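Q: In terms of our numbering, the sequence shown opens at residue 736 and continues consecutively. Heads up, the beta-carbon is just placed ideally off N, CA and C, and yes, glycines get one too. Remember, it's a predicted structure, so these values are computed and weren't measured experimentally.
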Amino acid sequence: MASINVGILVYDYQAIDVVGPVDLLHSANSGFLEVSKVFGPIDDDAISRAPNFIFHHVGITKEPFHLFTSAITLTPTTTVDECPELDIILLGGPNPVGFELHQNSTCLYGSSRWKERNYQPRRVSMGQGELS
736 MASINVGILV YDYQAIDVVG PVDLLHSANS GFLEVSKVFG PIDDDAISRA
786 PNFIFHHVGI TKEPFHLFTS AITLTPTTTV DECPELDIIL LGGPNPVGFE
836 LHQNSTCLYG SSRWKERNYQ PRRVSMGQGE LS
């Protein structure tokens, strides 16, 4: 199965909004399932059909970034300028007090590669149970 590139935009988000989905997706990774066989039987056919998620923590720079509400420091693995093409973009809910997304972050959606694909964003609001 082809790799699926997942981008996590690094800004001051609520950690639980990102940590949970990343943990869930990583747990479904073919590589993770393979090494998990030591804990119990996992069908080889299931492993062969499992996706291969590659996670990219995307920052404006690669400087470590401190998430205010959780005391977690993230080090981006790539920048908005160097980021590979993404299949999924994961955005955590920001600290709503004074939040502004850096202007360069819009390149993830505003880039020509998204426009060429006629990409139509889908929004999932887990707190409201809303999908559009």
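What do you get for His792, buried or exposed, if any count of 16 or more other CB atoms within 10 angstroms of its CB means buried?
A: buried
Q: Can you check which of these residues, Gly794, Glu817, Leu809, Asp822, is closest to Val754 by C-alpha distance?
A: Nearest to Val754 by C-alpha distance, out of Gly794, Glu817, Leu809, Asp822, is Leu809.
Q: Pop quiz: Ile743 and Leu802 are said to be a contact at Cβ under 8 angstroms. What is the actual Cβ separation, rounded to whole angstroms?
A: Actually they do not touch by this definition, with Cβ atoms about 12 angstroms apart.
Q: Under three-state DSSP, which class holds Ile777?
A: coil
Q: Could you check whether Gly828 and Asp752 sit closer than 8 angstroms to each other, using their CB atoms as the reference points?
A: The answer is yes: Cβ separation under 8 angstroms.
Q: Helix, strand or coil for Ser765 per DSSP?
A: helix
Q: Let me confirm a value: Leu759 is counted as buried when at least 16 other C-beta atoms fall within 10 Å, else exposed. Which label applies?
A: exposed
Q: Can Val815 and Ile795 be called in contact, C-beta distance under 8 angstroms?
A: yes
Q: Compare the C-alpha of Ser762 against each of Glu817, Ser805, Pro811, Asn787 and name the closest.
A: It is Asn787 whose Cα lies nearest to the Cα of Ser762.
Q: By the three-class DSSP mapping on this structure, what secondary structure does Leu809 have?
A: strand
Q: Expressed to the nearest angstrom, what Euclidean distance is found between the alpha-carbon atoms of Ser846 and Ala781?
A: In this prediction, Ser846 has a pLDDT of 49, which is less than 50 and means its spatial position is unreliable; what the coordinates show is noted afterwards. Rounded to whole angstroms, the gap between the alpha carbons of Ser846 and Ala781 is 36 angstroms.
Q: Where do the N-terminal and C-terminal ends of the beta strand (DSSP E) with Val741 fall, by residue?
A: 738-744
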